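Participant: Mind having a look at this structure? Questions to follow.
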């Protein structure tokens, strides 16, 4: 998050309220956006490099096993690049617009973000296919088990992230009105 707008920098420094879904449904953008940045954007940036490292190791060691998720490392690299591009657009374009109350101008960027959220959902579907729905094989080593636990957490986090933006941030009080 380099070169943040003053509005976004101020919002990030604000204290965060509790993790209550009812609260977020009524929260203004200057409370919800910092939560999204801290809870999801920062977390995805921490999760993906470690998941890629673990996937690479599993594929190198177990690549000849039928249940090995061959191609997972490349797919996680794709997800990381797509998600980083997406989050950067939110941080540099959309979130500052919402914080400035430029709701009518935000319709185009919101439309793009919703489209990209659909692409992220498709990427998760492919991840589930590669990992047999993140089912740990009986013979899986500790690294493989750790990878799948991390993938499960990442998928839950990304799904919650997308839902919070689509159903709360892009609608209602945080967006000024339904967009």
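In full-length UniProt numbering, the protein residues as written are 1 to 179. All residues carry an ideal CB built from backbone N, CA and C; glycine is no exception. As the structure is a computational prediction, the values presented were derived from the model and not from experiment.
By a C-beta neighbour count over all protein chains shown, 10 Å radius and 16 as the cutoff for buried, is residue 106 buried or exposed?
Facilitator: One-based indexing of the chain shown puts residue 106 at position 106. Answer is buried; the Cβ neighbour count reaches 16.
Participant: Counting only runs of 4+ residues fully inside the segment 17 to 62, write out the alpha helix (DSSP H) ranges in chain order.
Facilitator: If we require 4 residues or more, the alpha helix (DSSP H) runs fully inside the segment 17 to 62 come out as 21 to 26, 29 to 36, 42 to 62.
Participant: Just mark residue 122 as buried or exposed, buried being the case when its beta carbon has 16 or more other beta carbons within 10 Å.
Facilitator: Counting from 1 along the chain shown, the entry for residue 122 is found at position 122. Exposed, by the Cβ-count rule.
Participant: Would you kindly work out how many angstroms separate the C-alpha atoms of residue 27 and residue 86, rounded to a whole number?
Facilitator: To locate residue 27, count along the chain shown from 1; it is residue 27. To locate residue 86, count along the chain shown from 1; it is residue 86. Computed Cα separation, rounded: 23 Å.
Participant: Under a three-way DSSP split, which group does residue 170 fall into?
Facilitator: For the purposes of this step, residue 170 is taken as the residue at position 170 of the chain shown. Reduced to three states, the DSSP call for residue 170 is coil.
Participant: Under the rule that 16 or more other beta-carbon atoms within 10 Å means buried, what is residue 66, buried or exposed?
Facilitator: Along the chain shown, read from residue 1 onward, the residue named residue 66 stands at position 66. Under this definition residue 66 is an exposed residue.
Participant: For residue 69, count neighbouring C-beta atoms within 10 Å of its own C-beta (all shown protein chains included) and say buried if the count is 16 or more, exposed if not.
Facilitator: Position 69 of the chain shown, counting from 1, holds the residue named residue 69. With 16 or more Cβ atoms within 10 Å of its Cβ, residue 69 is classed as buried.
Participant: Spatial neighbours of residue 7 within its chain, please: C-beta separation below 8 Å, excluding the five flanking residues on both sides.
Facilitator: As a first step, residue 7 is located in the chain shown; it is residue number 7 there, counting from the start. Note on residue 7: pLDDT 44, under 50, position unreliable in the model; the coordinate value appears next. These residues qualify, in order along the chain: 96, 99, 100.
Participant: Specify the secondary structure class of residue 102 as computed by DSSP and reduced to three states.
Facilitator: Within the chain shown, the letter at position 102 stands for residue 102. Coil at residue 102, not helix or strand.
Participant: Looking only at its own chain, which residues have a Cβ that is under 8 Å from the Cβ of residue 93, when we skip the five neighbours before and after it?
Facilitator: Along the chain shown, one-based indexing puts residue 93 at 93. Closer than 8 Å at Cβ, skipping near neighbours: 109.
Participant: Under the assumption that residue 54 contacts residue 169 (Cβ atoms under 8 Å), give the Cβ distance between them as a whole number of angstroms.
Facilitator: In the chain shown, residue 54 corresponds to position 54, counting from 1. In the chain shown, residue 169 corresponds to position 169, counting from 1. Going by Cβ atoms, the distance from residue 54 to residue 169 rounds to 31 Å, so no, they are not a contact pair.
Participant: Buried or exposed for residue 119, please, with buried defined as at least 16 other CB atoms from any protein chain shown within 10 angstroms of its CB.
Facilitator: The residue you call residue 119 lines up with position 119 of the chain shown. Exposed, by the Cβ-count rule.
Participant: Rounded C-beta distance between residue 41 and residue 144? I'm assuming under 8 Å.
Facilitator: One-based indexing of the chain shown puts residue 41 at position 41. One-based indexing of the chain shown puts residue 144 at position 144. Actually they do not touch by this definition, with Cβ atoms about 28 Å apart.
Participant: Do the segment 72 to 90 and the segment 30 to 49 touch if we need at least three Cβ pairs shorter than 8 Å?
Facilitator: The answer is yes - the segment 30 to 49 touches the segment 72 to 90, with three or more Cβ pairs under 8 Å.
Participant: Thinking just about the alpha-carbon of each residue, which of 127, 32, 31 is nearest to the one in residue 73?
Facilitator: Numbered from its first residue, the chain shown carries residue 73 at position 73. Nearest option by C-alpha distance: 127.
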